[in-house]
Structures are given as C-alpha cells and as structure tokens.
Amino acid sequence: MNRSPYITDAPTVSVIMLKVLLALVPGIMAYVWVYGAGILVTLSLATVTALVTEAAILKIRQRPISPSLADLSAVVTAWLLALALPPLAPWWLVVVGSFFAIAIAKQLYGGLGYNPFNPAMVGYAVLLISFPVIMTKWPAPLMLADAPLSAFDQLKFIFNHALPVGVQLDAVTSATPLDYLKTQLMLKHEVADITQAPIFGQFGAKGGEMVTAGYLLGGLYLVQQRIISWHLPTAFIATLALISLIFNIMDPTHFTNPAFHLMTGASMLCAFFIITDPISGPTTPKGKLYFAAGVAVLTYLIRVYGGYPDGVAFAVLIMNMCVPLIDAYTQPRVFGHKH
Amino acid sequence: MNNIIQFASKLIKDLTSDNANEVYKFHGGVHPDGHKHESTTHPIAQLAIPETLTLPLRQHVGYIPKVKVKVGDYVLKGEMIAEAEGNVSAAIHAPTSGTITAIEEAVIPHPSGLPDMCVTLAPDGKDQWTPLNPIDWKNTPINELITSLRSSGIVGLGGATFPTHIKLRKDGASDIHTLVINAAECEPYITCDDMLMRERADEIIKGIEIVQHLLGAAKVMIGIEDNKPEATSAMHSASQTLANVSVKTVPTLYPSGDARRLIHLLLGVEVPHHKRSTEVGIQVFNVATVLAIYRYFTFGEPSVSRVVTVTGNVDTPQNFEVLLGTPVPLLIAAAGGAKTDTTHFVMGGPMMGFDLPGINVPITKAANCIIAASPSLFAPPPPAMPCIRCTRCADVCPVNLQPQELYWFAKSENLEKARDYHLFDCIECGCCTYVCPSNIPLVQYYRYAKSEIIAADKAQEAADLARERNEFRLARIEREKLERAQKHAERAASAKNDESKPEPVKADKERPASSAEADDAKKAAIAAAVARAKALKLAAAQSDATKTGSEEAPAPAIVENKSEPTATDNDEQAKKDKQALIAAAIERAKAQKLAAAQAGVAPKNTDDLSPKVKAEITEIETIRARAKQMVENKDAD
Chain A
169 MNRSPYITDA PTVSVIMLKV LLALVPGIMA YVWVYGAGIL VTLSLATVTA
219 LVTEAAILKI RQRPISPSLA DLSAVVTAWL LALALPPLAP WWLVVVGSFF
269 AIAIAKQLYG GLGYNPFNPA MVGYAVLLIS FPVIMTKWPA PLMLADAPLS
319 AFDQLKFIFN HALPVGVQLD AVTSATPLDY LKTQLMLKHE VADITQAPIF
369 GQFGAKGGEM VTAGYLLGGL YLVQQRIISW HLPTAFIATL ALISLIFNIM
419 DPTHFTNPAF HLMTGASMLC AFFIITDPIS GPTTPKGKLY FAAGVAVLTY
469 LIRVYGGYPD GVAFAVLIMN MCVPLIDAYT QPRVFGHKH
Chain B
3 MNNIIQFASK LIKDLTSDNA NEVYKFHGGV HPDGHKHEST THPIAQLAIP
53 ETLTLPLRQH VGYIPKVKVK VGDYVLKGEM IAEAEGNVSA AIHAPTSGTI
103 TAIEEAVIPH PSGLPDMCVT LAPDGKDQWT PLNPIDWKNT PINELITSLR
153 SSGIVGLGGA TFPTHIKLRK DGASDIHTLV INAAECEPYI TCDDMLMRER
203 ADEIIKGIEI VQHLLGAAKV MIGIEDNKPE ATSAMHSASQ TLANVSVKTV
253 PTLYPSGDAR RLIHLLLGVE VPHHKRSTEV GIQVFNVATV LAIYRYFTFG
303 EPSVSRVVTV TGNVDTPQNF EVLLGTPVPL LIAAAGGAKT DTTHFVMGGP
353 MMGFDLPGIN VPITKAANCI IAASPSLFAP PPPAMPCIRC TRCADVCPVN
403 LQPQELYWFA KSENLEKARD YHLFDCIECG CCTYVCPSNI PLVQYYRYAK
453 SEIIAADKAQ EAADLARERN EFRLARIERE KLERAQKHAE RAASAKNDES
503 KPEPVKADKE RPASSAEADD AKKAAIAAAV ARAKALKLAA AQSDATKTGS
553 EEAPAPAIVE NKSEPTATDN DEQAKKDKQA LIAAAIERAK AQKLAAAQAG
603 VAPKNTDDLS PKVKAEITEI ETIRARAKQM VENKDAD
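From first to last, the protein sequence lines stand for chains A and B.
Going left to right, the first sequence walks through residues 169 to 507 as our numbering numbers them.
Going left to right, the second sequence walks through residues 3 to 639 as our numbering numbers them.
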C-alpha cells in the first residue's frame with residue numbers, strides 16, 4: 169500500500185490555538201491594568217458560552233464533541249469577541265455574542281474550517297447592530313475615571329448593571345478617542361486642539377494604547393513562531409499608515425497622524441489576531457497582502473466617514489466576502505509554468 | 003524579528019560572497035530528521051549467494067521483457083534470461099549461475115501487492131560468469147555503445163528505474179550541454195548512494211566520464227546534499243582528473259533530490275512543466291546508475307546486483323551489495339534481524355516509500371532501501387481534523403502548488419478544478435502531509451484524484467471510440483442494406499429480361515420516378531399478399547366444410563378496398579405484382595444514382611444518410627487510413 173509519508177512534524181491545531189491564546193496574554197494583562205479585572209469575567213463568560221454552545225451543536229449534529237472542543241478554536245473566538253466588546257459589557261451581551269459567533273457563524277456553516285466569515289467579527293457586528301447604545305458606551309480607563317470601580321464592583325456591574333451607591337454612570341464612562349474626535353471635528357474643532365483632551369495618550373487613547381502595545385507584542389511572538397504569516401500584519405499596518413498619512417498630509421486639521429490610527433481602537437488586535445484567522449482569510453501570499461490592505465482601507469474609511477466607533481469588524485466581514493475572488497486571482501506561479 | 007535579522011544577514015552574505023559553490027533555491031521543502039548515520043557506520047557488506055533468487059520481469063518502467071529461458075535451463079552469471087522488448091524496456095540477467103526452476107507469478111515489491119511474472123533461479127554456488135565482452139568505449143561509435151546498453155539491463159537506480167539506454171538516445175530535440183549527477187539522496191534513512199560515493203568514487207567518476215562522452219555534454223555537475231561531507235570530499239578528490247566536472251553541495255532540504263528541483267538548485271533552470279529536461283539540454287543520472295554503466299563498459303558486467311540500505315528497526319542498520327532477486331528476509335537477517343516490535347517493512351524512504359506487501363519479496367533494481375517499521379519509528383497518524391487553511395502545505399510545496407485547494411477539490415470530487423490547479427504537477431513528495439497540523443493524508447487525496455482523472459479520461463476515450471465505431475457500423479449496415487436491395491432488384495430484373503417479359507418494366511420506365519409510383523407498387527404488393535392469403539384460406543375452407551362465411555368475410559373486403567385482383571387467378575396476379583415491385587425498386591435505385599451524380603457526389607451508397615453521419619464516415623475513413631499508415635510505418639521501423 170502506498171500511504172507515505174510515514175513521518176510528520178507539525179504542531180496540532182490545538183497547539184496552534186494555544187499559542188494564539190498565549191499571545192493574547194500581554195494584551196489582556198495591559199487590559200486589566202487599564203480597565204480593571206472585569207475583563208477576566210467577560211473572558212470567562214465568553215469562553216464558557218462558546219464551549220457549551222459548540223458542544224450542544226455538535227451533539228445535535230451528531231459529531232464527536234471532545235476533539236472539536238480540544239482544538240481550542242472556540243476559545244480563541246470567544247476571547248477575540250470578549251476583547252472587542254466594551255469593558256464591563258453586561259453578561260447577557262457577552263453570552264448572546266458568543267452564542268451567535270459559535271452557533272450561527274461557525275457551526276451552521278459546518279464547524280471549524282468551513283466558516284466563510286470570521287466568527288468573532290460576526291458576533292461583534294450582530295451585537296453592534298442590535299444593541300448600538302451599549303456597544304458604544306465605553307468605561308473610562310481607571311486612571312481617568314472620576315470613580316474607579318473595584319474588581320468586585322465591576323463584577324456587580326456586569327451581572328446586575330448596579331453601580332456602587334452614589335456613583336453615577338457618567339462617572340465611569342467616557343467617550344473613546346475615535347468617538348470624541350469625530351464629534352469634535354463636527355463641532356469645527358481642529359485635530360491639534362482635540363487631541364489635547366485628557367483621553368488622548370502618547371499616540372492613541374490614554375491607557376488603550378498600552379493594550380494595543382500588548383497585542384503588538386503578542387502578535388510579534390506569533391510571527392516569530394510562524395503561527396501567522398508576516399504578510400497579513402505587515403500589509404495591514406503599512407496600508408493603514410499610508411492611507412492615514414496621505415489624509416493627514418492633505419489636511420492635518422481634520423485628519424490625525426498614522427500613529428494615532430495604528431495605536432487606537434482595535435488596530436493591532438485586527439492586524440495580528442483577527443485578519444490572521446486562516447479559515448475566513450485568503451490562502452495565497454499575494455492574496456494575503458491584498459486582503460489585509462483592503463481591511464486597512466475599509467477600516468480607515470469607516471472610522472473617518474462611517475457612523476460606527478471602529479471599522480474593523482465590518483471591514484473584515486466585507487473582505488471575507490472577497491476571499492474566494494482574491495484567492496482565485498492571486499494563484500502563485502507553479503514551478504515550471506509561465507504565469 | 004529573528005526572521006528579519008536572518009533575512010538581512012543572508013542578503014548581505016549573498017551579496018558579498020563570491021562562493022564557487024553558489025546554488026539557487028527552490029520554493030518550500032522540509033527538514034525531516036535524516037537518520038542517515040545509523041546505516042553509515044559499517045562499510046557496504048557483500049551478501050552470500052542465497053538459495054533461490056526470484057527475478058520479477060517488471061523491474062523497470064516500460065514493457066516487460068521477453069523471457070528467453072525455460073524451466074530446467076542452466077544459466078551462467080550475467081546470461082540474459084529476458085530480453086528487452088519494445089523501445090522502453092530493459093533486459094534481465096541471471097545474477098549468478100544456476101538452474102531456472104520456475105517461471106510463474108509471485109508477489110513482487112510493488113504498492114499494489116499484486117503478483118506478477120517472475121523467473122526463479124536456483125544458484126549452484128559456483129557464481130560462474132558467462133563470457134563477458136568489455137567495450138572499448140573511447141574507440142567505438144556512440145550509436146553502437148547506446149545500442150549495446152539496451153542489452154545491459156541497466157535502469158535508473160535512484161528509484162525511477164527508467165531504462166538507461168533511452169535516456170542516452172539522441173532524439174534530435176536538443177543537444178545536451180549539461181550532465182547533472184544526482185547524488186543528493188534527500189530522503190531520510192537512505193544511504194546507499196552516500197556509501198557508494200565514499201567507497202567507489204573513482205569508479206563513479208569513470209562512469210561519469212563515459213556518460214558525458216555518450217551525451218556529448220560540455221559540463222558535469224554533481225549535486226550532493228551538505229549532510230554527506232565524506233562523500234563530497236571523496237567525489238571532489240576523484241573528480242580532479244576530469245575537467246569540466248564540478249562537485250556542488252546543496253543545502254540539506256527535502257526534496258532536493260527530485261530531478262527538477264536539483265536542476266534548479268544547480269543551474270537555476272526551471273524545466274517547463276510540459277517538457278523533459280533533455281529538451282532544455284540537461285540530462286540527470288543517479289550515481290549508482292553511472293557506476294553500473296562504468297562496470298558494463300569496462301568489464302562487460304550487466305545489471306545483476308545493487309546496493310541496498312537496510313535500516314530502521316533492525317539490529318545493525320547497514321548497506322549491502324546484493325544480487326537482484328535476493329529475498330528480503332535474508333537481508334533483514336544479515337542486518338541483525340528486525341526487533342520484536344516491527345510491524346511491517348517499507349521499501350524506499352519514509353517520505354515517498356511504500357509498505358511492502360509482505361516480507362517475502364525479492365530485491366529489485368528499484369529497491370534502494372528497506373526500512374523495518376515500528377509504531378515508535380513511524381507513529382500511526384492521529385485522526386484527521388478539518389483543514390483550517392493555514393497554508394503550511396503551500397509554504398513547503400516545492401512545486402509551489404496550493405495543496406489546500408487541491409485537497410478541497412479532490413475531497414469534493416471537483417476533479418476538473420483540481421486539474422486546473424495543476425494537480426498533475428504534484429510530485430507526491432509528501433511535504434504537505436509532513437507539515438499538516440490537521441493530520442490530513444493530503445498525498446493520498448492527490449493520488450486518488452489523479453487516478454480518478456486518468457480513469458475518467460480513459461473511459462471517455464473508450465466511449466468516444468465506441469461511439470465512433472457504432473456510428474460507423476450503423477452507416478455500414480445502412481449502406482449494405484441499400485446495396486442488397488439494389489443487387490436483388492438488378493438480379494430480378496435480369497431474370498425478367500431472360501423470360502422476355504419486359505412489359506411492366508417498360509411501362510414503368512415511361513413514367514417519371516415519383517412517390518406515387520412507389521405507392522402503387524406498394525399497393526400492388528399488398529394486394530398480391532392479400533390474394534395469396536385468401537387463396538390459402540380458401541383452400542383451408544374447402545378442406546374444412548364446417549367453416550364458411552364468418553371467416554371469409556373480411557378478406558374480400560380488404561381485397562375490394564385495394565381493387566382489382568380476385569381470388570381465382572391469384573397465382574398469375576401475384577407474379578405480375580412482384581414484377582411491378584421489382585421494377586419500382588430498380589427505378590428508385592436509378593433515381594438515387596442520378597440525383598447523386600447531379601449533386602456531383604461519387605456513388606457511395608451512403609446517399610440516404612444525413613450529412614452529419616456522412617461527414618463522420620469520411621472522418622472515420624481518414625482516421626483508419628492514417629492508422630493503417632502508422633502501423634505500416636511502425637512495421638517498417
């Protein structure tokens with residue numbers, strides 16, 4: 169019988185997913201430091217919901233349950249969704265989003281390997297459209313909040329929507345820099361003045377940029393481990409920098425500099441963790457460059473001209489739709505063939 | 003970051019170095035553990051002559067050779083026992099002196115596990131050579147040398163087993179400018195070429211000199227992976243005697259020993275996918291093959307033995323020089339025996355080898371390595387998981403295919419799409435499976451898809467042929483029917499003329515040929531038949547008095563309908579009607595001929611057929627003529 173090769177040397181899917189989770193840890197640590205321990209509750213909630221949903225649907229589909237849970241892909245989806253949600257999001261929001269991501273966006277398409285759209289981004293987009301008010305209300309970083317909440321208070325807020333006695337909701341929330349920038353620009357203020365506000369940090373959002381730096385660190389680890397190819401983050405970062413630079417040069421009073429766009433919102437999470445989802449992304453090296461560049465352009469346009477706080481989710485979903493086309497037209501030259 | 007630094011340092015190195023050993027790069031490749039040192043600690047050992055030798059006739063690519071011996075014949079070592087038949091074929095020689103004991107089917111070392119024709123030889127232990135005829139290759143015309151190689155039995159010993167004389171033949175496509183010697187031996191575990199180079203570099207170089215002479219190649223490049231320093235230095239010092247021969251080390255990267263990859267590594271030339279390397283002036287030979295060529299010309303020895311690596315789960319892995327046909331169990335025993343947890347044996351390397359159908363198979367010209375396999379050595383693959391499109395397979399594919407797409411197409415039976423994505427460029431090296439995190443047996447899918455496509459193509463070809471044949475047959479039947487009708491008509495007409503009763507014919511002739519006339523003839527025929535039937539019935543009625551009116555009634559009614567004839571003079575009338583019918587048929591045939599002549603078509607008796615069928619008949623006839631010519635040409639060859 170001809171069943172060679174007899175030897176293999178490959179990390180299993182579980183190991184790959186575990187490394188992705190590991191790479192998220194620096195970002196999560198920064199997150200806890202900036203926004204408090206509430207995110208750990210959100211992460212746990214999302215993880216449990218995702219695993220239970222996955223198990224239930226596999227059971228209904230009469231598929232083996234344990235190998236699919238052990239591949240950890242559901243946990244990665246849950247974490248990415250949880251990190252994309254506003255901190256201190258109510259528990260049911262996390263549950264609904266995770267359920268939707270796993271049940272609808274992943275399992276209904278056939279489970280791991282068959283989903284055309286990034287499940288975490290589908291979950292996020294559904295929540296954003298269904299619950300726009302909650303989804304756009306971000307708590308202020310602890311360092312800026314008038315009344316920073318303790319871990320226990322955060323827990324109570326997540327599950328009960330209850331604030332400590334005497335603390336108003338306004339005291340714990342604030343506009344995100346992307347939102348603030350948009351509203352202030354509409355009030356005919358100039359970028360240079362707007363960014364003097366305390367919510368702006370060195371490059372992006374005060375505090376938020378620490379989290380972004382954490383994602384960048386984890387992302388570089390993934391590239392070094394060859395879990396993700398360099399094409400996607402490089403093309404995303406380069407394109408986002410380029411397009412924001414062009415707008416910035418054309419009109420610095422209305423458009424912020426590239427550093428702001430790279431270090432704000434979900435840019436780094438997107439560059440290293442979201443567009444690098446292999447299943448819903450392109451497979452050819454050139455296709456990866458086009459895909460990431462497309463996401464970057466759309467993200468920028470939605471941020472600057474759209475009505476949503478960040479453009480990543482919709483940009484990714486739109487580009488997911490283009491993947492079959494991108495793959496078909498970017499097939500690399502086969503050895504011994506002219507193109 | 004590491005990658006960037008590595009890349010930068012490599013770039014600087016590449017730009018600054020003027021290394022004589024500069025080689026090119028191919029896409030992908032993998033670095034499996036070599037496991038080479040286990041079998042290189044001992045020199046090549048000779049194996050004693052076994053008690054029986056089983057020689058499969060199919061040891062090479064191409065036609066099986068024609069057996070020249072019969073059971074009971076005594077043969078000397080080196081005597082030809084089967085002769086190359088057809089162009090692509092290789093002879094088989096007796097590996098030692100002895101008696102032919104059987105010519106029958108036996109299990110051969112082939113992935114199919116199917117039995118095939120083998121000649122069994124019982125050695126007499128004398129190992130006596132047949133008179134050998136060394137050839138002074140320097141003073142013999144090249145054509146004669148190549149022709150004589152046809153009876154050497156030498157085939158590519160790297161594993162491809164393509165008959166060597168074909169590879170040397172000048173086909174006029176292009177002149178060979180470079181001879182590449184494949185000494186990469188990139189598969190893990192296999193060390194037979196390595197050991198040959200260490201021990202017999204001089205003979206290999208002499209073989210290279212001969213092959214270079216035969217091909218008229220201006221330069222020779224020997225490609226050795228850099229994990230074989232001893233072999234490299236041995237070859238390097240042996241090659242000093244020859245000008246234009248360079249020994250190059252290539253990075254240890256599987257599958258650098260694939261001919262197209264090696265050509266690219268050494269020369270930077272990508273052989274186009276639809277061409278052979280000879281069409282771009284490059285020919286590739288394996289080291290063991292050139293050594294065999296050297297021994298054939300210098301000593302007259304045909305291909306009767308080869309070096310085999312016996313390794314894996316055996317006590318003392320090493321290389322043996324064995325007679326072809328030696329049973330594998332003897333080799334395993336000579337290597338100290340297989341350890342107890344051995345489950346099966348693999349022929350070839352772990353990347354491209356195959357499971358032997360059992361241990362009781364003989365060594366053939368293709369057998370470069372036998373690996374005793376155990377679960378600890380080759381772990382059974384875990385269950386396959388879904389593809390996550392991580393493209394690790396695409397990253398390592400040396401042909402730069404998109405294995406994940408091919409897998410998808412093969413799995414969904416979208417075979418045409420798989421072909422479009424260059425499935426047939428896949429060399430089945432196994433790199434994709436080697437790195438797949440989902441443990442998908444990708445190469446199996448490609449083998450399956452390829453065989454399905456080939457089978458479908460063959461079936462399509464057969465169906466096309468059958469359809470053509472059937473259409474031709476139908477056309478022929480139609481034509482024959484017409485011919486018959488015409489013949490009958492003519493015969494009948496001439497019979498009438500002899501009876502000097504030409505009236506009805508004459509009368510018919512005066513009338514123009516028309517469908518009305520045919521109708522009349524038909525009516526007449528029917529009337530005649532009815533009359534005949536009636537006469538019969540009448541006779542029956544007369545003999546059976548009880549039956550009368552009821553039976554007779556319908557017949558006259560019909561007759562009345564069809565007019566004139568009455569039951570009384572039916573015999574005469576029937577004759578007349580027949581004549582009318584014949585006359586009508588003749589008329590029809592004539593009219594057809596006339597119409598054909600007017601249309602300017604040669605009367606081929608196919609006139610009633612549709613133009614489409616006619617065109618097809620013409621086509622088929624051209625094909626036939628061409629085929630006939632081809633057969634004749636072949637016969638002339």
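Note that the Cβ used here is the ideal one computed from N, Cα and C, for glycine as well.
Problem set entry | Buried versus exposed call for F390(B) [16 or more other C-beta atoms within 10 Å across all chains shown] | First, the residue type needs correcting, since residue 390(B) is Ile and not Phe in the sequence shown. In the assembly as shown, I390(B) is a buried residue. Its beta-carbon has 16 or more other beta-carbons within 10 Å.
For this session: Determine the direct distance from the alpha carbon of A198(A) to that of L261(A), and round the result to whole angstroms.
Result: 23 Å
For this session: Please report the residue range of the alpha helix (DSSP H) in which M185(A) lies.
Result: 181 to 203
Problem set entry | For H346(B), the three-state DSSP class (helix, strand or coil) | strand
For this session: Say whether the segment 315 to 333 of chain A touches the segment 287 to 295 of chain A, bearing in mind that this needs 3 or more beta-carbon pairs closer than 8 Å, one atom from each stretch.
Result: Put simply, the segment 315 to 333 of chain A does not touch the segment 287 to 295 of chain A. Fewer than three CB pairs are less than 8 Å apart.
Problem set entry | Cα-Cα separation between R263(B) and W139(B), rounded to whole angstroms | 31 Å
Exercise. Which residues in the same chain have their Cβ closer than 7 Å to the Cβ of D239(A), if we skip the five residues on either side of it in sequence?
Worked result: Non-local C-beta neighbours of D239(A) in its own chain, meaning closer than 7 Å and more than five positions away in sequence, comprise V181, S182, M185, L280, ordered along the chain.
Problem set entry | When F423(A), A409(A), S397(A), L493(A) are compared against A461(A), the one with the closest alpha-carbon | When each option's Cα is compared against that of A461(A), the closest is A409(A).
Exercise. Is the Cβ of H399(A) closer than 7 Å to any Cβ of chain B?
Worked result: No, its Cβ sits nowhere closer than 7 Å to a Cβ of chain B.
Exercise. Any Cβ of chain A within less than 7 Å of the Cβ of Q61(B)?
Worked result: no
Exercise. From W398(A) to I442(A), what does the alpha carbon distance come to, in whole angstroms?
Worked result: 14 Å
Problem set entry | Residue span of the alpha helix (DSSP H) that contains P405(B), given as start and end | P405(B): member of the alpha helix (DSSP H) spanning 405 to 413, first to last residue.
For this session: Give me the Cα-Cα distance between L296(A) and D397(B), rounded to the nearest whole angstrom.
Result: 37 Å
Exercise. List, in order along the chain, the chain A residues whose C-beta lies closer than 7 Å to that of N402(B)?
Worked result: P500, R501, V502, F503
Exercise. Any contact of the segment 107 to 119 of chain B with the segment 350 to 361 of chain B, i.e. 3+ C-beta pairs under 8 Å?
Worked result: Verdict: yes, contact present.
Exercise. The segment 432 to 447 of chain A: which residues have C-beta closer than 8 Å to a C-beta of chain B, in chain order?
Worked result: P446, I447
Exercise. I405(A) touches chain B at which residues, Cβ-Cβ below 9 Å?
Worked result: Result: empty, since nearest Cβ-Cβ is about 14 Å, beyond 9 Å.
For this session: Could you tell me the boundaries of the alpha helix (DSSP H) in which F325(A) lies?
Result: Per DSSP, F325(A) belongs to the alpha helix (DSSP H) from 319 to 328.
Problem set entry | In chain order, each alpha helix (DSSP H) run of at least 4 residues that lies wholly inside the segment 432 to 495 of chain B | 433 to 437
Exercise. For the segment 277 to 297 of chain A, which residues have a beta carbon sitting closer than 9 Å to at least one beta carbon of chain B?
Worked result: From the segment 277 to 297 of chain A, only G278, G279, L280, G281, Y282 have a Cβ closer than 9 Å to chain B.
Exercise. Cα separation between P329(B) and T42(B)?
Worked result: 22 Å
For this session: For the segment 406 to 424 of chain A and the segment 209 to 224 of chain A, state whether three or more C-beta atom pairs, one from each stretch, are separated by less than 8 Å.
Result: no
For this session: Leaving aside the five residues before and after Q352(A) along the sequence, list all residues of the same chain whose C-beta is less than 6 Å from its C-beta, in chain order.
Result: Only residues of its own chain outside the window of five on either side were considered, and among them I362 have a CB closer than 6 Å to the CB of Q352(A), listed in chain order.
For this session: Would you check if the distance between the CB atom of P382(B) and the CB atom of G30(B) is smaller than 7 Å?
Result: no
For this session: Find out if the Cβ-Cβ distance for the pair P255(A), P307(A) is shorter than 7 Å.
Result: yes
Problem set entry | Alpha carbon of V32(B) to alpha carbon of R297(B), nearest angstrom | V32(B) and R297(B) have their C-alpha atoms spaced approximately 36 Å apart.
Exercise. Interface residues of chain A around A396(B) at Cβ under 7 Å?
Worked result: T451
Exercise. Relative to the C-alpha of D196(B), which residue among A186(B), Y448(B), L55(B) is closest?
Worked result: Considering only alpha carbons, the answer is A186(B).
For this session: Would you mind telling me which residues of chain B sit closer than 9 Å to T180(A), beta carbon to beta carbon, in chain order?
Result: P384, M387, P439, S440, N441
Exercise. Mind pulling the chain A residues with CB within less than 9 Å of H275(B)?
Worked result: V502, F503, G504, H505
Exercise. So what does S248(B) bridge to, in DSSP terms?
Worked result: Paired residue(s): M223(B).
Problem set entry | Proximity winner among K483(B), V615(B), R200(B), relative to I46(B) (alpha-carbon distances) | R200(B)
For this session: Identify each residue in the segment 104 to 123 of chain B for which the Cβ-Cβ distance to at least one residue of chain A is less than 9 Å, and report them in chain order.
Result: P113, S114, G115
For this session: Quick one: using the 10 Å Cβ neighbour count with 16 as the cut-off for buried, is Q285(B) buried or exposed?
Result: Buried.
Problem set entry | Short CB-CB distance (under 7 Å) between E272(B) and chain A | yes
Exercise. How do the segment 367 to 382 of chain B and the segment 407 to 416 of chain B stand: do at least 3 beta-carbon pairs fall below 8 Å, yes or no?
Worked result: no
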